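Take a look at the structure below.
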Amino acid sequence: MKEIVTFFFGLGFVFNASLFIPQAIRIIKTRSANNISLITFVGFNLIQLNSVIYGYYQNDPILMYGNLISFIACGTVTLLATYYRNS
Numbered sequence: 681m682k683e684i685v686t687f688f689f690g691l692g693f694v695f696n697a698s699l700f701i702p703q704a705i706r707i708i709k710t711r712s713a714n715n716i717s718l719i720t721f722v723g724f725n726l727i728q729l730n731s732v733i734y735g736y737y738q739n740d741p742i743l744m745y746g747n748l749i750s751f752i753a754c755g756t757v758t759l760l761a762t763y764y765r766n767s
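Each residue of the sequence shown is one higher than the one before, counting from 681 in our numbering.
Set out below in structure tokens:
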């Protein structure tokens, strides 16, 4: 049972990271980030970075790598939003 819960816990991180992809695609296609809240995405990035560090110190690779994937996906949106907002 523990393995099943662990599997779905890890799978949740993949789904979480995939939720940022449509936003990144939309920013790239429209070349606009007018409706993107940078404060929200920066906040998400800080929470995810904190979770990566916490996972590292807790020796929890699923937590660490899962949040790292989300951090990269969310960070991509944050960088795109910053770039297109300033262009």
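A virtual CB, placed ideally from N, CA and C, is assigned to each residue, including glycine.
All of these numbers come straight from a predicted model, not from anything done at the bench.
On the three-pair Cβ rule with 8 Å, is the segment 713 to 724 touching the segment 753 to 762?
yes
Stretch-stretch touch, CB-based, cutoff 8 Å, three pairs: the segment 703 to 719 with the segment 732 to 746
no
Using only the alpha-carbon positions, how far apart do Asn714 and Leu729 sit?
25 Å
Assign Ala713 to one of three DSSP states: helix, strand, or coil.
coil
Which residues in the same chain as Phe689 place their Cβ atom closer than 7 Å to its Cβ, once the five residues preceding and following it in sequence are excluded?
Ile742
What do you reckon, are the CB atoms on Phe693 and Ile749 nearer than 8 Å?
yes
Please report the distance separating the alpha-carbon of Ser712 from that of Lys682.
44 Å
Please state the DSSP three-state secondary structure of Asn730.
helix
Taking the beta carbon of Phe700 as the centre, do at least 16 other beta carbons fall within 10 Å, making it buried, or is it exposed?
buried
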